[in-house]
Every structure is written in C-alpha cells, then in structure tokens.
Amino acid sequence: MNLSDLNKIALAMVTPGKGILAADESSGTIKKRFDAIKVDSTEDNRRDYREMLFRSQEAMSKYISGVILYDETIWQNAKDGTPLVKLIEQAGAIPGIKVDEGTQALPNCPGELVTVGLDKLAERLKKYYERGARFAKWRAVIDIGPRIPTQTAIRANAHALARYAALCQAAQIVPIVEPEVLMDGDHDIDRCYEVTQRVLNRTFQELRVQRVALEGMILKPNMAISGKKCPKHAPVQEVAEKTIRLLKSCVPAAVPGIAFLSGGQSDEEATAHLDAMNKIGNLPWRLTFSYGRALQAAPQKAWSGKPDNVPAGQRAFSHRARMNGLASTGNWEAGLEKQAA
C-alpha cells in the first residue's frame, strides 16, 4: 500500500469547493427514480441519463471531485463509444465504485440489516482498479426504532466496513466508509446524535483493529438530524452545531475529509446544513458533500428521458452542483437559489 498516493486521492476528493456525485443507485433504486419521471429503466436509458450528467462540463469540471458508479455503469460506454469512466476523467474528476452488494437480515436481530459483499471483494477491486476506479464505497445501514439499533447490529456493520476498508487500501483504492443512521423514524435530533455517536465510535474502533490508515480514507456519515416523522424538526443552525460537536467527539483529525450523505433531505436542506457547518469553520478535516438525490432530483425531472431536454437537465445539475460547491466553503446563501430559478 502506498499511503502517500492514497492520501493525495483522498485530499483531491475533498478539494475545497468540490464534492462527490453519488451516481451509484442500484438497478432497483434507479427504477424507482425513473418511474417517478415516467421513464423506462432500460440499460440504454440509464446510460443516457448518466452520460448527460458526466458530460455537464461546467458542473463536472468546477464542482465535482469524484463520481461513485454502480457496477453496470463502470463498464458502460457512452453513445459515441467512449467509456463513461473516461468522460469522468476528462472532466478532471475521479471515478469511484460502489462495491457492497446490498443488505441482508441480521440473524437474531429482528428489523436490523447487515451489509454483505466481502466475499471475492479483493478480486473485484483489482478489476475496478484496472478500469480506472481510484476510490470505492460501502454503505452500512443503521435504523432507529424501539429497542434498535442493537449493539449486535452496530458491531456487525462496523466490522464489515473496516474489513472492506482494509481490502480497498491493499488494492490501492481509497475507501469511503459510510455508516448511515437512517432518518426514517420519528426520533428527535438528540436520539440521532446518541445513536450516531455509538456507530461512529465503534466504526473507528474496528478500523483501528483492521489497521486501516485513516489518512487514506474518507468518512461519509449522516448529519445529526431529526427523523422524517418527528413532529419537531431541528432548525439548520442546531443541525450544524450538533453535527460538528458529534464529529469532533468521534472522528480523528487524521481523516482527510468528511463527505456527507443527504439521506432523504430536500435539495436545499442538504445544501443549507452543509453551508452552516462550514460557516462554523475551524475544523480538523474538510467537510463536503457526497450527494445522490440532492444533486440528481432536479436534473432527472428536467431531463425526463427526452433527448431534447439534455441541456435543461445539465443546467439543473450544474445549478445544484454549484450550490453545494459554495456550501462546501461556507459561501452559499438562500438568495442564490432564487436567482437561478
């Protein structure tokens, strides 16, 4: 493992003013997104949609540092035969790959899941590296509910994340470590804080046990935020302050950067929260975005599967990428959203 090269890539992924596009929706997830805009989820349509994003010159070159791809996408070529990976590289961004194989029920833990995909991961990483991937992603899913998460679920998922991260570094690939505490419940921000703290502490414990070099990884956590069904939603400033306090208590300064997931927040909420955290400033790591839906909902709608709408889709993508790019340096203002509209 060449740690100095891994560290260079990790730092490039969190370049100030740029963030990561999560375009790694599984076939099932992208079908749901396409159903919402009445587009058939065929291989060609999925390719055309992602090609539209990767050819958005302004967004990709100015605001996107890397793109997380799905297995299907990393092997696809654009309409003109150029590998999609090459389009990403030509824009100056780094190709990455989602390597987990989804979740399974965790034995003896009703309602809890564990992420799978460690078998044969070493061989898959070699192939992905040859194809151009320089970072990878693995998502663990922790739900909050009555009597969950259990310590069993937290430990099983943290252990798998750490094993994955060690395998990535051995393959000269930067791991994005993503322990996601879901915002689906009716819990308040303090319950989210407490669970996320347990999850992050355990994750870093396991990363040390597996001898993962913290300088050669990126953390992709959730924010400390109220559950979707919580009657009282914490305001932006509270989310920012509590998330920063949480991270300072759990995340070693050796980690180069933290790229948040949007996790079901609206486009503007995800941007506002990131901006408020960067306005607090004076942090040991860079804070940026690794958004899927919060970058893609607007371009998907604008595009709606019609070739004539590609420029409109690209404009919508560039706008969201720019807003989040500004938020990653604490320079976003709500007024900028209105101007574009």
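With positions in the sequence shown counted from 1, the corresponding number in our numbering is that position plus 345. Even for Gly, the Cβ is constructed at its ideal location relative to N, Cα and C.
Quick one: grab the DSSP three-state call for residue i.
i: Ile534; result: helix
i: Tyr636; result: strand
i: Gly477; result: coil
i: Pro520; result: strand
i: Pro652; result: helix
i: Pro361; result: coil
i: Thr674; result: coil
i: Asn347; result: coil
i: Gly680; result: helix
i: Gly626; result: coil
On the DSSP bridge assignment, give the partners of residue i in chain order.
i: Ala617; result: Its beta-bridge partners do not exist; DSSP assigns none.
i: Val384; result: Beta-bridge pairing links Val384 to no other residue.
i: Val486; result: Glu525
i: Arg631; result: Gly602
i: Ala368; result: Leu414
i: Ile493; result: Gly490
Below 8 angstroms on the Cβ atoms is my guess for residue i versus residue j; work out the distance and round it to an integer in Å.
i: Phe399; j: Gly441; result: Not quite, the Cβ-Cβ distance comes to about 13 angstroms (not below 8 angstroms), so this is no contact.
i: Ala569; j: Asn623; result: Incorrect: roughly 16 angstroms between the Cβ atoms, too far for contact.
i: Ala355; j: Val519; result: 5 angstroms
i: Leu619; j: Leu632; result: 7 angstroms
i: Gly626; j: Gly675; result: 6 angstroms
i: Asp445; j: Trp483; result: 4 angstroms
i: Trp630; j: Val596; result: 7 angstroms
i: Ser571; j: Asp533; result: 6 angstroms
i: Ser635; j: Leu592; result: The Cβ separation is near 15 angstroms, so there is no contact.
If the criterion is Cβ atoms closer than 8 angstroms, does the pair residue i and residue j meet it?
i: Ala585; j: Ala642; result: no
i: Arg500; j: Arg547; result: yes
i: Val359; j: Gly670; result: no
i: Gly447; j: Ser410; result: no
i: Val384; j: Gly637; result: no
i: Glu551; j: Ala503; result: yes
i: Ala604; j: Ile563; result: yes
i: Ile462; j: Ile493; result: Checking the sequence shown, residue 462 turns out to be Gly, not Ile. It is not a contact, given that the beta carbons lie outside the stated cut-off.
i: Gly426; j: Ile489; result: no
i: Leu545; j: Pro576; result: no
i: Ile413; j: Asp350; result: no
i: Met405; j: Ala438; result: yes
i: Leu506; j: Ala485; result: yes
i: Gln421; j: Leu429; result: yes
i: Ala666; j: Tyr408; result: yes
i: Gln514; j: Ala478; result: no
i: Trp677; j: Thr616; result: yes
i: Asn390; j: Gly561; result: no
i: Gln645; j: Arg378; result: yes
i: Val556; j: Ala511; result: Going by the sequence as given, residue 556 is Arg instead of Val. Their beta carbons are under 8 angstroms apart, which means Arg556 touches Ala511 by this criterion.
i: Leu466; j: Leu458; result: no
i: Lys565; j: Met528; result: no
i: Cys537; j: Val522; result: no
i: Arg476; j: Ile433; result: no
i: Glu417; j: Ser372; result: yes
task = For the region 530-617, list the alpha helix (DSSP H) runs that are entirely contained and at least 4 residues long, ordered along the chain.
result = Taken in chain order, the complete alpha helix (DSSP H) segments of 4 or more residues contained in the region 530-617 are 534-554, 581-595.
ask   = What residue ranges within the region 401-475 form continuous alpha helix (DSSP H) runs of no fewer than 4 residues, ordered along the chain?
value = Within the region 401-475, the complete alpha helix (DSSP H) runs of at least 4 residues are 402-407, 416-419, 429-435.
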